[in-house]
Amino acid sequence: MAGIRSYNRRVLVTGGAGFLGSHLCERLLARGDEVVCADNYFTGSRSNITHLLGNPHFEAIRHDVTFPLYVEVDEIYNLACPASPVHYQHDPVQTTKTSVHGAINMLGLAKRLNARILQASTSEVYGDPVVHPQPEEYWGNVNPIGPRSCYDEGKRCAETLFFDYHRQHRLAIKVMRIFNTYGPRMHPNDGRVVSNFIMQALRGEPITVYGDGAQTRSFCYVDDLIDGMVRLMDSDPAITGPINIGNPGEFTMLELAEQVIALTGSRSAIEHRPLPQDDPRQRRPDITKAKALLDWEPTVPLREGLARTIADFRRRFFA
Ligand code: NAD
Ligand code: UDP
Ligand code: UDP
Numbered sequence: 142m143a144g145i146r147s148y149n150r151r152v153l154v155t156g157g158a159g160f161l162g163s164h165l166c167e168r169l170l171a172r173g174d175e176v177v178c179a180d181n182y183f184t185g186s187r188s189n190i191t192h193l194l195g196n197p198h199f200e201a202i203r204h205d206v207t208f209p210l211y212v213e214v215d216e217i218y219n220l221a222c223p224a225s226p227v228h229y230q231h232d233p234v235q236t237t238k239t240s241v242h243g244a245i246n247m248l249g250l251a252k253r254l255n256a257r258i259l260q261a262s263t264s265e266v267y268g269d270p271v272v273h274p275q276p277e278e279y280w281g282n283v284n285p286i287g288p289r290s291c292y293d294e295g296k297r298c299a300e301t302l303f304f305d306y307h308r309q310h311r312l313a314i315k316v317m318r319i320f321n322t323y324g325p326r327m328h329p330n331d332g333r334v335v336s337n338f339i340m341q342a343l344r345g346e347p348i349t350v351y352g353d354g355a356q357t358r359s360f361c362y363v364d365d366l367i368d369g370m371v372r373l374m375d376s377d378p379a380i381t382g383p384i385n386i387g388n389p390g391e392f393t394m395l396e397l398a399e400q401v402i403a404l405t406g407s408r409s410a411i412e413h414r415p416l417p418q419d420d421p422r423q424r425r426p427d428i429t430k431a432k433a434l435l436d437w438e439p440t441v442p443l444r445e446g447l448a449r450t451i452a453d454f455r456r457r458f459f460a
């Protein structure tokens, strides 16, 4: 389609200097879009986008989405928000503000421009789910006052705002519920399980498994995730979501630890630590909708994605 457009589409990516955002900026530039990245560099970093700064179709602006933003674009991907428990619990009030005020500002911008807007929501809206795997119709089991609530409830409120702007102002919205995603450029100190295990294995330190390690997660490789995100944005306007994007392959944290040890050839031992409060016991996306509506499903198996991620961590921190 890019070939028949007479102008370059201008796309705003909030949180564009983060892990997922930087991969998205790359993907959009590669197909010929003009990209404006807005980020306050709270958890993202300029090093994630340094390689894009020389591209005449790329522009980076330092901006906090809790403040209004006036730019002229055709599409908005709203990714700004710290995503790992360590980061989003660092300043929980700012986390809720980022999701809620950030959504209001970006929706206001989309309304003024009549631009299509996609929200990076999360599997965390399902909380500690009692329905497994999680279909989009499930309303979730979220603690409204716990240490994870700033993230979960902020993202839930953002979804509410998206659907109200859609109903009230006829805005073209896309709400994507992202399940745990990993890959090159992950933050080494974000406390997330994949980055922790890889850093620990490469340093020969103990692998810290929280609780008994029987809790499960489903890990999606970043390239697959970005493919699903762009497909959703480009889909028929009638497709608003919410739509799950993730890899249904489900693993226990002990299984993940064993895979990381095997792939790194590390001698690290497994050490158990206390399970954090409100840690969901299981999580796996039901991706029936993504398959049917977007013709999307993940293609990179965990083993292969981990090998690529380990190679990236070796290059960045152990070269
Ligand atoms: P990340 O922390 O690497 O990226 C988030 C980016 O947002 C960072 O660059 C950060 O500096 C920026 N940011 C934070 N607050 C901001 C603010 N107030 N104004 C402007 N920029 C701000 O995390 P990520 O993994 O790339 O996540 C991106 C999005 O995807 C987030 O919205 C997250 O909630 C969502 N998500 C990610 C995952 C995952 O597994 N990675 C899972 C579910 C949802
Ligand atoms: N906004 C923005 N950029 C724009 C238009 C609006 O950041 O180009 C912000 C502005 O701060 C506003 C919010 O989006 O408060 C919501 O806009 P909306 O038009 O929905 O409501 P308003 O508060 O203006 O009545
Ligand atoms: N976890 C772990 N060891 C670590 C970091 C995390 O066992 O060093 C566990 C954590 O308790 C959770 C799972 O791994 O059960 C995924 O944690 P993460 O913070 O990556 O993501 P989320 O809980 O938000 O899905």
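What the sequence shown shows, in the numbering used here, is residues 142 to 460, in sequence order. Cβ atoms here follow ideal geometry from the backbone N, Cα and C, with glycine treated the same way. A quick note: this is a predicted structure, and the numbers were derived from the prediction, not measured.
**OP:** Return yes when at least one heavy atom of ligand 2 lies under 6 Å from the C-beta of arginine 505, else no.
**Re:** What the structure shows of the chain is the stretch from 142 to 460, and residue 505 is not part of that stretch, so it cannot be assessed.
**OP:** Kindly examine ligand 1 and report whether one of its heavy atoms sits closer than 6 Å to the Cβ of valine 206.
**Re:** yes
Original post:
So what does DSSP say about glutamine 235, is it helix, strand or coil?
Top reply: helix
Subject >> Any 3 or more C-beta pairs closer than 8 Å across the segment 406-414 and the segment 379-387 >> reply: no
Original post:
Would the beta-carbon of glycine 249 fall within 7 Å of that of tyrosine 267?
Top reply: no
Subject >> Exposure label - aspartate 353; buried when at least 16 CB within 10 Å >> reply: exposed
**OP:** Report the rounded CA-to-CA distance for proline 223 versus isoleucine 428, giving the unit in angstroms.
**Re:** 25 Å
Original post:
Should glutamine 418 go down as buried or exposed, given a rule of 16 or more other Cβ atoms within 10 Å for buried?
Top reply: exposed
Original post:
For phenylalanine 458, which residues of its own chain have a beta-carbon under 8 Å away from its beta-carbon, when the five flanking residues on both sides are left out?
Top reply: Excluding residues up to 5 positions away in sequence, Pro329, Met340, Leu343 lie with their Cβ nearer than 8 Å to the Cβ of phenylalanine 458 in the same chain.
Original post:
What is the C-beta distance between glycine 324 and alanine 221, in whole angstroms, given that I count them as a contact (C-beta under 8 Å)?
Top reply: Not a contact, Cβ separation roughly 19 Å.
**OP:** Mind the definition here: the segment 249-258 touches the segment 311-322 only if three or more C-beta pairs lie below 8 Å; say whether that holds.
**Re:** Yes: the two stretches touch, three or more of their Cβ pairs being nearer than 8 Å.
**OP:** Return yes when the C-beta of arginine 222 is under 6 Å from any heavy atom of ligand 1, and no when it is not.
**Re:** In the sequence as presented, arginine is not what sits at residue 222; that position holds cysteine. Correct: cysteine 222 has its Cβ closer than 6 Å to ligand 1.
Original post:
Should the segment 228-241 be regarded as contacting the segment 192-200, the criterion being three or more beta carbon pairs within less than 8 Å?
Top reply: no
Original post:
According to DSSP, is threonine 357 helix, strand or coil?
Top reply: Of the three classes helix, strand and coil, the one that applies to threonine 357 here is strand, per DSSP.
Original post:
With distances taken between CB atoms, is the gap from serine 225 to aspartate 331 smaller than 7 Å?
Top reply: yes
Original post:
Can the beta-carbon of methionine 317 be found closer than 7 Å to that of isoleucine 386?
Top reply: yes
Original post:
For cysteine 291, which residues from the same chain have a beta carbon less than 8 Å from its beta carbon, with the 5 sequence-adjacent residues on both sides left out?
Top reply: Excluding positions up to five away in sequence, the list reads Tyr229, Gln230, Pro233, Val234, Thr236, Thr237.
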